[in-house]
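Residue numbers (the UniProt record's numbering), protein chains in the order written: chain A, 1 to 269; chain B, 1 to 307.
Below: one structure, written as structure tokens.
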Amino acid sequence: MVTLVMPRLLSFEGTARRSASVTERNISTLRSAYWVVMVSGFLEPVLYLFSIGVGVGALIGDITLPGGEVVGYAEFVAPAMLAASAMTGALSETTFNFFGKMKFVRLYEGILATPVRPIEIALGELAWAMVRGVIYSAAFVVIMTLMGLTTWSRAVVMLPATLLVGLAFGALGMAVSTIIRSWQDFDLIASGQFALFLFSGTFVPPTAYPEVVRWLIEATPLYRSVDLIRALSTGTTGWTQLLDVAYLLALMALGLTVAGLRMTKQLCK
Amino acid sequence: MTSLIHARGLVKRFGDFTAVDGIDVDVRRGEAFGFLGPNGAGKSSTMRMIGCVSPPTGGVLEILGMDPRRDGPAIRAKLGVCPQLDNLDIELTVRENLTTYARFFGISRKEARRRADELLEFVQLAERADSKVEPLSGGMKRRLTIARAMVNQPEMVLLDEPTTGLDPQARHLVWERLFRLKQQGVTLVLTTHYMDEAEQLCDRLVVMDGGRIVAEGSPRSLIEQYSTREVVELRFATEDQAAYADKLAGIGERLEVLPDRILLYVADGDGAADEVNRRSLSPASVLVRRSSLEDVFLHLTGRTLVD
Numbered sequence: 001m002v003t004l005v006m007p008r009l010l011s012f013e014g015t016a017r018r019s020a021s022v023t024e025r026n027i028s029t030l031r032s033a034y035w036v037v038m039v040s041g042f043l044e045p046v047l048y049l050f051s052i053g054v055g056v057g058a059l060i061g062d063i064t065l066p067g068g069e070v071v072g073y074a075e076f077v078a079p080a081m082l083a084a085s086a087m088t089g090a091l092s093e094t095t096f097n098f099f100g101k102m103k104f105v106r107l108y109e110g111i112l113a114t115p116v117r118p119i120e121i122a123l124g125e126l127a128w129a130m131v132r133g134v135i136y137s138a139a140f141v142v143i144m145t146l147m148g149l150t151t152w153s154r155a156v157v158m159l160p161a162t163l164l165v166g167l168a169f170g171a172l173g174m175a176v177s178t179i180i181r182s183w184q185d186f187d188l189i190a191s192g193q194f195a196l197f198l199f200s201g202t203f204v205p206p207t208a209y210p211e212v213v214r215w216l217i218e219a220t221p222l223y224r225s226v227d228l229i230r231a232l233s234t235g236t237t238g239w240t241q242l243l244d245v246a247y248l249l250a251l252m253a254l255g256l257t258v259a260g261l262r263m264t265k266q267l268c269k
Numbered sequence: 001m002t003s004l005i006h007a008r009g010l011v012k013r014f015g016d017f018t019a020v021d022g023i024d025v026d027v028r029r030g031e032a033f034g035f036l037g038p039n040g041a042g043k044s045s046t047m048r049m050i051g052c053v054s055p056p057t058g059g060v061l062e063i064l065g066m067d068p069r070r071d072g073p074a075i076r077a078k079l080g081v082c083p084q085l086d087n088l089d090i091e092l093t094v095r096e097n098l099t100t101y102a103r104f105f106g107i108s109r110k111e112a113r114r115r116a117d118e119l120l121e122f123v124q125l126a127e128r129a130d131s132k133v134e135p136l137s138g139g140m141k142r143r144l145t146i147a148r149a150m151v152n153q154p155e156m157v158l159l160d161e162p163t164t165g166l167d168p169q170a171r172h173l174v175w176e177r178l179f180r181l182k183q184q185g186v187t188l189v190l191t192t193h194y195m196d197e198a199e200q201l202c203d204r205l206v207v208m209d210g211g212r213i214v215a216e217g218s219p220r221s222l223i224e225q226y227s228t229r230e231v232v233e234l235r236f237a238t239e240d241q242a243a244y245a246d247k248l249a250g251i252g253e254r255l256e257v258l259p260d261r262i263l264l265y266v267a268d269g270d271g272a273a274d275e276v277n278r279r280s281l282s283p284a285s286v287l288v289r290r291s292s293l294e295d296v297f298l299h300l301t302g303r304t305l306v307d
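Shown next as structure tokens:
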């Protein structure tokens with residue numbers, strides 16, 4: 001039994017250590033200029049929360065959740081902004097930056113000459129994206145709580161949920177980055193991302209749309225993320241949230257697998 | 001284990017294209033081994049297979065006694081790689097390039113800093129330690145890449161075209177550093193299409209052309225085997241050098257007609273030059289020199305190394 005388990009543990013240790021060295025490389029690149037990027041990434045959801053959640057919310061009044069609970073519009077929008085910000089944070093690191101590192105500065109070619117393997121680069125980059133994402137999310141959750149849009153105990157549970165959202169979108173972003181060919185394709189990604197942001201039950205419940213559109217929306221990853229975090233934030237969790245979690249875990253596994261395989265194919269020809 | 005690299009019938013194909021077409025190679029510990037050949041000979045593909053970043057299509061390949069298909073990470077842990085195109089980390093400083101790279105090998109931060117300082121001293125970049133990579137000259141970048149390849153104290157260092165694109169002074173500085181490594185007993189494996197580089201650095205080399213090995217030996221033995229002691233280079237003031245080939249018949253052992261000159265392969269260069277004058281052929285220029293690996297390559301393939 002010991003001989004069966006030990007090699008796996010040791011090899012996992014190796015993978016974890018090597019992935020961490022890739023994350024560490026990114027931390028070494030942190031320079032003053034980077035904090036500007038960080039601040040803008042944090043501000044975006046806050047601005048949406050105030051302009052639409054609070055501002056437009058004053059005109060809209062209350063919203064009825066699928067389970068029948070009635071919440072204020074800002075309470076409805078805030079968790080969606082949190083989910084969207086977790087998505088944006090993860091994608092900005094794993095699409096544009098990841099693509100540049102892989103295709104243009106040949107960073108990974110240098111790393112692959114060491115014991116680090118392609119999947120370990122992917123894991124390390126994903127972990128790095130999470131470092132950034134969690135900082136955004138934590139700041140936003142604090143603002144939500146201070147504004148009375150959720151409670152502190154719910155906020156503590158929401159944070160790991162945003163991590164799951166980030167992992168799923170980060171893995172998806174890397175997979176997409178290994179498939180696209182040029183910088184122009186990022187316009188498509190940006191458009192897709194914006195469409196998700198607008199229509200994933202973020203500002204309007206999907207029940208406001210015709211049946212077919214509603215089904216479509218409920219199948220998107222951002223809708224599943226919003227559904228999960230909104231339920232946690234408003235204290236209305238149910239069985240559906242297990243579906244959300246399973247969906248996001250599956251997306252993460254799929255994204256990582258595709259990214260690892262495509263990186264091996266492209267970099268280890 | 002006698003060979004650090006052991007290849008038999010090694011093949012690499014990309015689709016229909018065969019880059020490496022069944023080569024046999026053995027590299028011993030402590031030697032400087034070269035792959036000499038023109039661009040497209042299959043040198044870089046061979047190096048990538050040896051570096052365990054490109055799976056062989058066929059044949060046997062053992063690196064440090066291990067199988068690259070299975071033990072990639074373990075082998076790479078003991079190799080130093082200096083790629084043809086610099087892939088230094090432009091977001092990091094010169095020193096950070098070494099310390100960060102050391103971390104990929106699991107070397108502690110403290111030890112990484114110690115090795116980085118030592119290696120920067122060795123490649124004469126200590127004063128640029130806190131500089132970014134981009135403002136460095138081509139020669140400095142290449143030296144930094146060589147230092148980076150040494151950070152894990154490798155058993156064998158792979159250098160793909162180590163001085164291509166460098167000016168003569170920078171090349172000599174790189175050669176001098178590589179020679180020092182060789183003296184320290186580090187096994188060097190390099191590819192080059194410069195015959196002077198191969199002559200200066202390699203104890204033993206293989207000449208590659210079209211994915212195959214066409215000759216093998218020390219630079220000296222290859223020259224002895226495939227060329228004469230001396231060469232007379234003749235340039236005639238005409239578009240058609242070949243027109244003179246008949247008139248030169250009988251001088252020396254062999255004659256090669258190139259677009260801009262004729263090469264006479266002879267034992268005695270001055271004697272042959274005298275004979276050319278006696279036949280009143282009056283070439284525009286006459287140069288007598290020793291045979292080089294360039295001549296070996298020309299003889300073996302009918303082409304020059306550098307186009």
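Every residue gets a Cβ at the ideal spot worked out from N, C-alpha and C, and that includes glycine.
Selected residue, minimal CA-CA separation from residue i, among the options
| i | options | result |
| --- | --- | --- |
| B/V94 | B/A116, B/A74, B/V288 | B/A116 |
| A/T88 | A/T234, A/W183, A/V165 | A/V165 |
| residue 308 of chain B | B/E233, B/D203, B/R13 | No information on residue 308 of chain B is available, as it lies outside the stretch 1 to 307 that chain B covers here. |
| B/D270 | B/L255, B/P283, B/R289 | B/R289 |
| B/K141 | B/N97, B/L293, B/A7 | B/N97 |
| B/K247 | B/T57, B/P259, B/L281 | B/L281 |
| A/T202 | A/R31, A/S19, A/G57 | A/G57 |
| B/L287 | B/R279, B/L293, B/R261 | B/R261 |
| B/D160 | B/F14, B/V174, B/T191 | B/T191 |
CB contact below 8 Å: residue i versus chain B
| i | result |
| --- | --- |
| A/K269 | yes |
| A/S28 | yes |
| A/T114 | yes |
| residue 272 of chain A | Any question about residue 272 of chain A goes unanswered here, given that chain A covers just 1 to 269. |
| A/G110 | yes |
| A/M1 | Note on A/M1: pLDDT 38, under 50, position unreliable in the model; no value is reported. |
| A/L107 | yes |
| A/E93 | no |
| A/S182 | no |
First through last residue of the beta strand (DSSP E) which encompasses residue i
| i | result |
| --- | --- |
| residue 323 of chain B | The question about residue 323 of chain B has no answer here: the residues shown for chain B are numbered 1 through 307. |
| B/G217 | 212 to 217 |
| B/G59 | 58 to 63 |
| B/E176 | Here B/E176 belongs to no beta strand (DSSP E); instead the alpha helix (DSSP H) covers 168 to 183. |
| A/K103 | That residue, A/K103, is in no beta strand (DSSP E); its alpha helix (DSSP H) goes 98 to 103. |
| A/I63 | 62 to 64 |
| B/L158 | 156 to 160 |
| B/T191 | 187 to 192 |
| B/A32 | 32 to 36 |
| A/K269 | Here A/K269 belongs to no beta strand (DSSP E), and DSSP marks it neither H nor E. |
is_contact[residue i, chain A] using C-beta, thresh 8 Å
| i | result |
| --- | --- |
| residue 361 of chain B | With chain B represented from 1 up to 307, any question about residue 361 of chain B goes unanswered, as that position is not in the structure. |
| B/V257 | no |
| B/S54 | yes |
| B/P73 | yes |
| B/F17 | no |
| B/G302 | no |
| B/V11 | no |
| B/A77 | yes |
| B/T46 | no |
| B/G22 | no |
| B/G211 | no |
| B/T192 | no |
| B/T164 | no |
Unbroken alpha helix (DSSP H) run spanning residue i, endpoints
| i | result |
| --- | --- |
| A/V176 | 152 to 179 |
| A/I52 | Taken as a continuous stretch (DSSP letters only), A/I52 belongs to no alpha helix (DSSP H), as it is neither H nor E. |
| B/H299 | 293 to 301 |
| A/L146 | 118 to 146 |
| B/I50 | 43 to 50 |
| B/F105 | Per DSSP, B/F105 belongs to no alpha helix (DSSP H) and is neither H nor E. |
| B/F236 | Looking at the DSSP string, B/F236 is not in any alpha helix (DSSP H), and its letter there is neither H nor E. |
Checklist line | Residues, ordered as in the chain, of the segment 79 to 95 of chain B that lie near chain C by beta-carbon distance below 8 Å | finding: Structure shown: chain C not included; protein chains present are A and B.
Item checked: Inside the segment 192 to 252 of chain A only - alpha helix (DSSP H) runs reaching at least 4 residues -> 211 to 218, 221 to 234
Check: Does the segment 170 to 182 of chain A come close enough to the segment 249 to 261 of chain A to have 3 or more Cβ pairs within less than 8 Å?
Finding: yes
Notebook entry, point to check: Is the segment 149 to 159 of chain B touching the segment 71 to 88 of chain B, taking contact as three or more C-beta pairs under 8 Å?
Noted result: yes
Note to self: Does the structure place the segment 236 to 250 of chain A close enough to the segment 18 to 32 of chain B that three or more beta carbon pairs sit under 8 Å?
What the structure shows: no
Note to self: Any contact between the segment 72 to 91 of chain A and the segment 42 to 56 of chain A? By contact I mean 3 or more CB pairs, one from each, below 8 Å.
What the structure shows: Contact holds: three or more Cβ-Cβ distances are below 8 Å.
Next item on the list: Taking 8 Å as the threshold, find out whether the segment 50 to 57 of chain B comes into contact with the segment 246 to 265 of chain B through three or more Cβ pairs.
Entry: no
Check: Can you give, in chain order, each stretch of the beta strand (DSSP E) that sits fully within the segment 238 to 291 of chain B and has at least 3 residues?
Finding: 254 to 257, 262 to 266, 285 to 290
Note to self: Under 8 Å, with one C-beta from each stretch per pair, do the segment 191 to 201 of chain A and the segment 217 to 232 of chain A reach the 3-pair mark?
What the structure shows: yes
Next item on the list: Count the C-beta pairs between the segment 24 to 34 of chain B and the segment 193 to 203 of chain B that are closer than 8 Å, then say yes if the count reaches three, no if not.
Entry: Touching, yes, given that three or more Cβ pairs across the two stretches are closer than 8 Å.
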